[in-house]
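Colleague: Residue numbers (the numbering used here): 388 to 750. Note that the Cβ used here is the ideal one computed from N, Cα and C, for glycine as well. After the structure tokens below, expect a handful of questions from me.
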Amino acid sequence: MLEKIKVLYVDDEEQNLVSFRANFRKEYDVYTAISADEALNLLQETHIPIIITDQRMPDTTGVEFLEKTLNLYPDCIRLLITGYADIDNVIEAINRGQVSKYIQKPWDWDKLSIAIDNCVTLHTSRLELKLKNVELQKANDELNKFVYSISHDLRSPLTSIMGVINLTKLMPELRVADSYFEMIEGRVLKLDGFIKKILVYYKNSRLEDASDNIRYESLILSIWDNFKNDNIKINFELVDSQKSVFVGDQFRIEIILDNLISNAVKYQNPSNQKQNIKITIDVNEVEANIAVTDNGIGISDEYIDNIFKMFFRAEESMNTDGTGIGLYIVKEAIEKMGGKISVSSTIMAGSSFKISIPNKLIS
Ligand code: ADP
Numbered sequence: 388m389l390e391k392i393k394v395l396y397v398d399d400e401e402q403n404l405v406s407f408r409a410n411f412r413k414e415y416d417v418y419t420a421i422s423a424d425e426a427l428n429l430l431q432e433t434h435i436p437i438i439i440t441d442q443r444m445p446d447t448t449g450v451e452f453l454e455k456t457l458n459l460y461p462d463c464i465r466l467l468i469t470g471y472a473d474i475d476n477v478i479e480a481i482n483r484g485q486v487s488k489y490i491q492k493p494w495d496w497d498k499l500s501i502a503i504d505n506c507v508t509l510h511t512s513r514l515e516l517k518l519k520n521v522e523l524q525k526a527n528d529e530l531n532k533f534v535y536s537i538s539h540d541l542r543s544p545l546t547s548i549m550g551v552i553n554l555t556k557l558m559p560e561l562r563v564a565d566s567y568f569e570m571i572e573g574r575v576l577k578l579d580g581f582i583k584k585i586l587v588y589y590k591n592s593r594l595e596d597a598s599d600n601i602r603y604e605s606l607i608l609s610i611w612d613n614f615k616n617d618n619i620k621i622n623f624e625l626v627d628s629q630k631s632v633f634v635g636d637q638f639r640i641e642i643i644l645d646n647l648i649s650n651a652v653k654y655q656n657p658s659n660q661k662q663n664i665k666i667t668i669d670v671n672e673v674e675a676n677i678a679v680t681d682n683g684i685g686i687s688d689e690y691i692d693n694i695f696k697m698f699f700r701a702e703e704s705m706n707t708d709g710t711g712i713g714l715y716i717v718k719e720a721i722e723k724m725g726g727k728i729s730v731s732s733t734i735m736a737g738s739s740f741k742i743s744i745p746n747k748l749i750s
């Protein structure tokens with residue numbers, strides 16, 4: 388047999404308590420209390436999910452009593468019974484006591500019964516939602532861990548393959564197969580890059596927001612150092628105006644800038660005589676505004692709204708190596724820090740990504 392749901396009714400009139408009990412004892416496990424104090428004692432001993440109270444009581448009002456239960460038992464459903472003239476109390480009850488329903492006095496037993504039924508339904512669905520959320524969170528955590536461990540494990544055979552490829556470079560008799568080894572090396576590096584991004588995504592989804600002191604100019608220059616030797620054709624310009632100390636999450640800011648700079652490099656137009664990347668930094672006490680602009684292949688209007696989606700790649704970039712996950716991670720990381728990103732682009736003329744990140748210096 389299903390356990391009956393517990394309902395508490397509080398009223399200073401003994402007769403009301405008796406008739407309430409008589410009416411509802413078959414359907415519910417009814418608890419009654421003659422005062423707010425008695426009700427609070429009862430609630431301390433037993434978890435009662437539905438609380439119904441009269442508004443007018445000698446020691447305290449129903450709203451004051453419900454307000455007390457709010458912090459102690461936030462998941463309970465509250466119902467107030469009040470007279471016709473008490474509309475102010477109803478408003479107060481909704482605002483202060485977070486009452487889900489109110490019933491006017493003198494009450495009609497059928498209406499009261501329907502109101503309690505509704506409260507029970509609300510309670511059951513809240514409970515189910517809570518359970519589903521816990522399950523969802525658990526499934527999400529497990530999925531994340533799974534992705535992390537797979538990604539981690541996949542990297543070690545790749546490192547071994549790279550080791551063997553590097554060995555072949557030392558063997559003159561294998562020079563004839565150079566082009567094949569280069570192909571293997573390229574694919575292995577791409578796969579490794581992709582796995583690294585998945586690991587970064589995992590880290591971004593789990594790490595708490597950190598508070599580091601960020602010097603944007605040196606951070607960007609150190610990121611550019613990783614690209615500049617392979618991209619000597621690109622004219623790199625940095626306009627720095629950091630007017631304030633900036634406190635933010637170094638790990639996430641680095642992910643964002645690294646991805647934007649890497650895209651600005653990757654999506655250059657090879658037939659351009661002058662390939663440019665310009666980065667402007669404007670940092671004040673409130674936020675950092677950074678723009679990464681290139682004169683590369685650009686993104687057509689048709690695709691621009693989709694580029695922050697997971698695994699999306701625009702048609703015009705299909706002959707360039709990419710995975711379509713970088714900008715998704717960028718957006719996630721920016722949102723984690725409460726910042727914003729926008730993009731403007733013209734096909735075959737270039738793109739400009741603008742980000743703003745709140746400064747945690749004052750907060
Ligand atoms: P990936 O570069 O690995 O494909 P991203 O998520 O970083 O993935 O970018 C998604 C898509 O957005 C790219 O495939 C490309 O089509 C477009 N894109 C991003 N940055 C630029 C850029 N600076 N210039 C032109 N296209 C870009």
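Among I474, V397 and D424, whose alpha-carbon lies nearest the alpha-carbon of I437?
Modeller: For the purposes of this step, residue 437 is taken as the residue at position 50 of the sequence shown. Closest option to I437, Cα to Cα, is V397.
Colleague: Determine contact between the stretch 491–511 and the stretch 458–474, defined as no fewer than three beta-carbon pairs at a distance below 8 Å.
Modeller: In short, these stretches touch, since the Cβ pair count reaches three.
Colleague: With a threshold of 6 Å, establish whether the CB of L714 neighbours any heavy atom of the ligand ADP.
Modeller: Within the sequence shown, the letter at position 327 stands for residue 714. Under cutoff, so the answer is yes.
Colleague: Are the beta-carbon atoms belonging to I392 and Y418 less than 7 Å from one another?
Modeller: The residue given as residue 392 occupies position 5 in the sequence shown. The residue given as residue 418 occupies position 31 in the sequence shown. Contact flag unset, no.
Colleague: How far does the beta strand (DSSP E) with K744 in it extend, from its first residue to its last?
Modeller: Translated into the one-based positions of the sequence shown, residue 744 becomes position 357. It is worth fixing the name first, because residue 744 is Ile in this sequence and not Lys. I744 -> beta strand (DSSP E) spans G737 to P745.
Colleague: For a test of your reading of the model: does the CB of G580 fall under 6 Å from any non-hydrogen atom of the ligand ADP? Yes or no.
Modeller: Mapped onto the sequence shown, residue 580 falls at position 193. No; taking the cut-off as 6 Å, the Cβ of G580 has no heavy atom of the ligand ADP nearer than that.
Colleague: Straight-line CA distance for L395 to L499?
Modeller: Counting from one through the sequence shown, the residue named residue 395 turns up at place 8. Counting from one through the sequence shown, the residue named residue 499 turns up at place 112. Answer to the nearest angstrom: the Cα atoms are 14 Å apart.
Colleague: Of all the alpha helix (DSSP H) runs that stay within the bounds of the stretch 614–655, which reach a length of 4 or more residues?
Modeller: Fully enclosed alpha helix (DSSP H) runs of 4 or longer: 637–653.
Colleague: My understanding is that D399 touches P445, with C-beta atoms under 8 Å, so please give their C-beta distance in whole angstroms.
Modeller: Numbered from its first residue, the sequence shown carries residue 399 at position 12. Numbered from its first residue, the sequence shown carries residue 445 at position 58. Contact holds; Cβ gap of about 6 Å.
Colleague: Rounded to a whole number of angstroms, what is the C-alpha to C-alpha distance between G737 and E674?
Modeller: Position 350 of the sequence shown, counting from 1, holds the residue named residue 737. Position 287 of the sequence shown, counting from 1, holds the residue named residue 674. Going by the C-alpha atoms only, they are around 26 Å apart.
Colleague: E674 lies in the beta strand (DSSP E); which residues open and close that run?
Modeller: Within the sequence shown, numbered from 1, the residue matching residue 674 stands at position 287. First-last of the beta strand (DSSP E) with E674: E674 to D681.
Colleague: Is DSSP giving R754 helix, strand or coil here?
Modeller: No answer is possible for residue 754: it lies beyond the span of the chain, which begins at 388 and ends at 750.
Colleague: Checking the sheet assignment: what are the DSSP bridge partners for A502?
Modeller: Here residue 502 is taken as the residue at index 115 of the sequence shown, counted from 1. Looking at the DSSP assignment, A502 forms no beta bridge with any residue, so it has no partner.
Colleague: Would you say the stretch 656–674 touches the stretch 703–717, given that touching needs at least three Cβ pairs under 8 Å?
Modeller: Short answer: they don't touch.
Colleague: On a CA-only basis, which of I643, D424, L541 and G709 is nearest K741? Give me that one, please.
Modeller: The residue you call residue 741 lines up with position 354 of the sequence shown. Nearest option by C-alpha distance: I643.
Colleague: Please state whether DSSP places Q491 in a helix, a strand or coil.
Modeller: Counted from its first residue, the sequence shown places residue 491 at position 104. Reduced to three states, the DSSP call for Q491 is strand.
Colleague: How long is the line joining the alpha carbons of L608 and L509, rounded to whole angstroms?
Modeller: The residue you call residue 608 lines up with position 221 of the sequence shown. The residue you call residue 509 lines up with position 122 of the sequence shown. Straight-line Cα distance between these residues: approximately 57 Å.
Colleague: Do you know offhand how far E604's Cα is from L625's?
Modeller: Your numbering for residue 604 matches position 217 in the sequence shown. Your numbering for residue 625 matches position 238 in the sequence shown. Straight-line Cα distance between these residues: approximately 8 Å.
Colleague: Tell me K665's beta-bridge partners as DSSP assigns them.
Modeller: Within the sequence shown, numbered from 1, the residue matching residue 665 stands at position 278. DSSP, once it has assigned bridges, lists E624 and T680 as partnering K665.
Colleague: Could you give the first and the last residue of the continuous beta strand (DSSP E) run that contains G580?
Modeller: As a working mapping, residue 580 is identified with position 193 in the sequence shown. That residue, G580, is in no beta strand (DSSP E); its alpha helix (DSSP H) goes D565 to R593.
Colleague: Find out if the Cβ-Cβ distance for the pair G683, I734 is shorter than 7 Å.
Modeller: In the sequence shown, counting from the first residue as 1, residue 683 sits at position 296. In the sequence shown, counting from the first residue as 1, residue 734 sits at position 347. No, the Cβ-Cβ distance between G683 and I734 is not below 7 Å.
Colleague: Would you report the Cα separation of R700 and N693, rounded to the nearest angstrom?
Modeller: Along the sequence shown, read from residue 1 onward, the residue named residue 700 stands at position 313. Along the sequence shown, read from residue 1 onward, the residue named residue 693 stands at position 306. So the alpha carbons of these two residues sit roughly 8 Å apart.
Colleague: For the alpha helix (DSSP H) containing D475, name the first residue and the last one.
Modeller: Translated into the one-based positions of the sequence shown, residue 475 becomes position 88. It spans I474 to R483 - the alpha helix (DSSP H) in which D475 sits, taken as one unbroken run.
Colleague: Do you know offhand how far E569's Cα is from K577's?
Modeller: Against the sequence shown, residue 569 aligns to sequence position 182. Against the sequence shown, residue 577 aligns to sequence position 190. The alpha-carbon atoms of E569 and K577 are separated by roughly 12 Å.
Colleague: Among the residues of its own chain, which have a CB less than 8 Å from the CB of A502, if the five just before and after it don't count?
Modeller: Taking the first residue of the sequence shown as 1, we reach residue 502 at position 115. Closer than 8 Å at Cβ, skipping near neighbours: L466, K488 and I490.
Colleague: Taking only heavy atoms of the ligand ADP into account, decide whether any of them is closer than 6 Å to the Cβ of R602.
Modeller: In the sequence shown, residue 602 corresponds to position 215, counting from 1. R602 Cβ: outside cutoff for every heavy atom of the ligand ADP.
Colleague: Mark F698 as exposed unless 16 or more other C-beta atoms lie within 10 angstroms of its C-beta, in which case mark it buried.
Modeller: Sequence index remark: in the sequence shown, residue 698 carries index 311 (1-based). Classification for F698: exposed.
Colleague: Going straight from the alpha carbon of L459 to that of L514, what length do you get?
Modeller: To locate residue 459, count along the sequence shown from 1; it is residue 72. To locate residue 514, count along the sequence shown from 1; it is residue 127. L459 and L514: Cα-Cα distance of roughly 17 Å.
Colleague: Counting pairs of Cβ atoms below 8 Å between the stretch 616–633 and the stretch 579–588, do you hit three or more?
Modeller: Touching, no, given that fewer than three Cβ pairs across the two stretches are closer than 8 Å.
Colleague: Residues bridged to A420 by DSSP?
Modeller: Locating residue 420 in the sequence shown gives position 33, counting from the first residue. The partner list for A420 (beta bridge, DSSP) reads V397.
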